[in-house]
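These notes are about the structure you will find just below.
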Amino acid sequence: MKKKVAVINLGCPKNQVDSEVITGMLAKGFEITAEPSEADMIVVNTCGFIEDAKAESIDTLCEMINLKNSGAQKKVYAVGCLAQRYGEELFKELPELDGVLGDGDLDKIPEVLESSGSERVYRKKEKQDYLYDNEIPRVRFSPSFFAYVKIAEGCDNRCSYCVIPQIKGSYRSRTMESIVQEVRKLASEGVKEIALVAQDTTRYGIDLYHAYRLSDLLRELVEIDGIQWIRLMYCYPEAVSDELIGLIATEPKICNYIDLPLQHADNAILSKMNRRNTAEEAETLIGKLREAVPGIFIRSTFITGFPGETEEQFEHLLLFVNKMKLDRIGVFAYSQEENTPAANMANQVRPEIREARKNAVMATQTEIADQIQQQRVGQIIRVILEEQTAPDEWVGRSEGDAPEIDGQIYLKVQKKHLAGEIIQIRITEADSYDMGGEELE
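Take 3 as the starting number for the sequence shown in this note's numbering and just add one per residue.
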């Protein structure tokens, strides 16, 4: 009888793709279960990006170890980002773990589990070179009509606060052929919407083809029958070209949505962050996007309390948020990550001030978002249907709403539908996050 394995995913959509690939590889030799209590082996795909993510990963590992210690005959493995970053410490400090495998050894997980005996396993590649392709099976965790597609791995940006290059290695693009083949397969499985993800999607191709090739990739993907929405995540502002903007504007399958991590709006702070754009350039880019794509939804992220951030520099950020009136933003209090240049900078801002500034930006954005959303009441938009909650009621998302991180739309419908259908609706109400609507007759 096959042993049962549970794969627990933590972290970002990029991690989710890895967890789906791990599950796909394991499904050949094991029975997959969603219930850790039923599993013989538990694989926790950890996140090690910032302090909160590390804490969640440790808490989850401890919870699984407690399950093992309760008398159940289980093996528990830590894999992924935290295992890559702190593998030796995890192996030493959590002796109940049966194995720790770094991020570059994801493809070795089936082999390790199949040969598992009484000895503990520790593996970590110092040089990252792993990159999944269309030949590797995936068991998707997302709804049948939606999938993340990771187009590259690693990062060369070297932002001074970020550990991702240390964990994931240098930027590595998948071949265009591999991505196109994967998306064709997803379309054949009924996927209607894909979200392209990478540490930096806009740099796609620079290593393989010595040029930015995201626009070329998109031209290939829009030709695939069945795919109706293509969503762009993690687009670094300095690499968003006029060509890419034009493509978003003219190609109906590309969502009128862009995720544009800006991180700050004070030029001195941006320079210390080792970001390659200025606040003025970000403002110009946002203006270009809005001129070319009327009604485009722009999402961004910002960091408060970066080392040395003064009250005046924080005010520059607040003024920018007030002026730009972005549709969606996420705000993170700066996390002092060891072995990053920022961690050793002078004038570290006290944690309580970082948090207070984060809350101030979010309070400002809540008011802005509410105003923006109210202006949408009465508009006719496209919505992808996600879940039926009553005979005449569905929950869905607009082009401006990425799964799990943005809002939802609560709908009254006139006809029978299936999950994944895209219909036209009229917005009837809204708050700062979600909207209500009704299907057009």
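We put the beta carbon where it would ideally sit given N, CA and C, even for glycine.
In this text the structure is predicted, and so the values were computed from the model without any measurement.
Residue span of the beta strand (DSSP E) that contains residue i, given as start and end
{"i": "D408", "result": "Per DSSP, D408 belongs to no beta strand (DSSP E) and is neither H nor E."}
{"i": "K170", "result": "Careful: K170 lies outside any beta strand (DSSP E), inside the alpha helix (DSSP H) at I166 to K170."}
{"i": "K6", "result": "K6 to N11"}
{"i": "C157", "result": "C157 -> no beta strand (DSSP E), and no H or E assigned at all."}
{"i": "R277", "result": "Looking at the DSSP string, R277 is not in any beta strand (DSSP E), and its letter there is neither H nor E."}
{"i": "V379", "result": "V379 -> no beta strand (DSSP E), and no H or E assigned at all."}
{"i": "M437", "result": "M437 to E441"}
{"i": "C257", "result": "I256 to D261"}
{"i": "I425", "result": "I424 to A432"}
{"i": "T35", "result": "No beta strand (DSSP E) holds T35; DSSP gives it neither H nor E."}
{"i": "S400", "result": "E395 to S400"}
{"i": "A197", "result": "E195 to V199"}
{"i": "V45", "result": "M43 to T48"}
Straight-line gap, residue i to residue j (C-alpha atoms, nearest Å)
{"i": "Y79", "j": "M275", "result": "35 Å"}
{"i": "E444", "j": "E137", "result": "No information on residue 444 is available, as it lies outside the stretch 3 to 443 that the chain covers here."}
{"i": "W231", "j": "A197", "result": "8 Å"}
{"i": "R301", "j": "T366", "result": "15 Å"}
{"i": "E245", "j": "A57", "result": "41 Å"}
{"i": "Q376", "j": "G289", "result": "21 Å"}
{"i": "Q315", "j": "K327", "result": "19 Å"}
{"i": "Y134", "j": "E317", "result": "43 Å"}
{"i": "A393", "j": "A358", "result": "Note that residue 393 is Pro in the sequence shown here, rather than Ala. Approximately 44 Å, taken between the alpha carbons."}
{"i": "K255", "j": "P405", "result": "17 Å"}
{"i": "Y132", "j": "K77", "result": "25 Å"}
{"i": "Y238", "j": "H419", "result": "37 Å"}
{"i": "G310", "j": "R233", "result": "35 Å"}
{"i": "Y206", "j": "I429", "result": "36 Å"}
{"i": "E285", "j": "L262", "result": "12 Å"}
{"i": "M364", "j": "R356", "result": "12 Å"}
{"i": "L12", "j": "A55", "result": "8 Å"}
{"i": "K4", "j": "G26", "result": "15 Å"}
{"i": "K30", "j": "K6", "result": "12 Å"}
{"i": "E179", "j": "L223", "result": "10 Å"}
{"i": "V45", "j": "I24", "result": "9 Å"}
{"i": "V333", "j": "E121", "result": "43 Å"}
{"i": "G297", "j": "V9", "result": "39 Å"}
{"i": "S175", "j": "A200", "result": "9 Å"}
{"i": "S273", "j": "T312", "result": "15 Å"}
{"i": "T252", "j": "D329", "result": "21 Å"}
{"i": "G422", "j": "T62", "result": "32 Å"}
{"i": "E154", "j": "K170", "result": "The question names Glu, yet the displayed sequence has Ala at residue 154. Distance between the alpha carbons of A154 and K170: 11 Å."}
{"i": "E113", "j": "K16", "result": "23 Å"}
{"i": "G104", "j": "Y236", "result": "24 Å"}
{"i": "E282", "j": "I229", "result": "36 Å"}
{"i": "A213", "j": "T203", "result": "13 Å"}
{"i": "V141", "j": "C14", "result": "17 Å"}
Unbroken alpha helix (DSSP H) run spanning residue i, endpoints
{"i": "I67", "result": "E53 to N71"}
{"i": "V185", "result": "M178 to S190"}
{"i": "A251", "result": "D244 to T252"}
{"i": "V23", "result": "P15 to L28"}
{"i": "R292", "result": "A281 to A294"}
{"i": "A392", "result": "Run containing A392: none in the alpha helix (DSSP H); it sits in the beta strand (DSSP E), I382 to A392."}
{"i": "S273", "result": "N269 to K274"}
Cβ neighbour criterion (16 or more within 10 Å) applied to residue i
{"i": "E191", "result": "exposed"}
{"i": "K194", "result": "buried"}
{"i": "P38", "result": "buried"}
{"i": "R292", "result": "exposed"}
{"i": "G380", "result": "exposed"}
{"i": "Q18", "result": "buried"}
{"i": "D107", "result": "buried"}
{"i": "Y150", "result": "buried"}
{"i": "I382", "result": "exposed"}
{"i": "E225", "result": "exposed"}
{"i": "A344", "result": "buried"}
{"i": "S2", "result": "Nothing can be reported for residue 2, as the shown portion of the chain is limited to 3 through 443."}
{"i": "E388", "result": "buried"}
{"i": "Y211", "result": "exposed"}
{"i": "R215", "result": "buried"}
{"i": "I407", "result": "exposed"}
| task | Please go through the stretch 209 to 242 and give each complete beta strand (DSSP E) segment of 3 or more residues, from N-terminal end onward. | result | Runs of the beta strand (DSSP E) inside the stretch 209 to 242: 231 to 234.
| field | Length at least 4, wholly inside the stretch 78 to 155: the alpha helix (DSSP H) runs in chain order | value | Qualifying alpha helix (DSSP H) stretches, in chain order: 83 to 95 and 111 to 116.
| query | Residue ranges of each beta strand (DSSP E) run of no fewer than 3 residues wholly in the stretch 302 to 368, ordered along the chain? | reply | Runs of the beta strand (DSSP E) inside the stretch 302 to 368: 330 to 335.
| field | the stretch 46 to 55 touching the stretch 74 to 91, judged by at least three CB pairs closer than 8 Å | value | Yes, the stretch 46 to 55 is in contact with the stretch 74 to 91.
| query | Hey, is the stretch 30 to 49 in contact with the stretch 147 to 161, meaning 3+ C-beta pairs nearer than 8 Å? | reply | By the Cβ test, the stretch 30 to 49 is not in contact with the stretch 147 to 161, since fewer than three Cβ pairs between them sit closer than 8 Å.
| request: Report yes or no: do three or more beta-carbon pairs, one from the stretch 302 to 312 and one from the stretch 251 to 266, lie closer than 8 Å? | output: Verdict: yes, contact present.
| said: Measuring CB atoms only, is the stretch 334 to 353 touching the stretch 163 to 180, in the sense that at least three cross pairs come out at less than 8 Å? | reply: As far as the Cβ criterion goes, the stretch 334 to 353 touches the stretch 163 to 180, which means the pair count is three or higher.
| Is it true that the stretch 236 to 245 meets the stretch 219 to 228, where meeting means three or more beta-carbon pairs spaced less than 8 Å apart? | No, the stretch 236 to 245 does not touch the stretch 219 to 228.
| request: Pair every Cβ in the stretch 435 to 443 with every Cβ in the stretch 406 to 414, then say whether three or more of these pairs are closer than 8 Å. | output: Yes, since at least three Cβ pairs between the stretch 435 to 443 and the stretch 406 to 414 fall closer than 8 Å, the two stretches touch.
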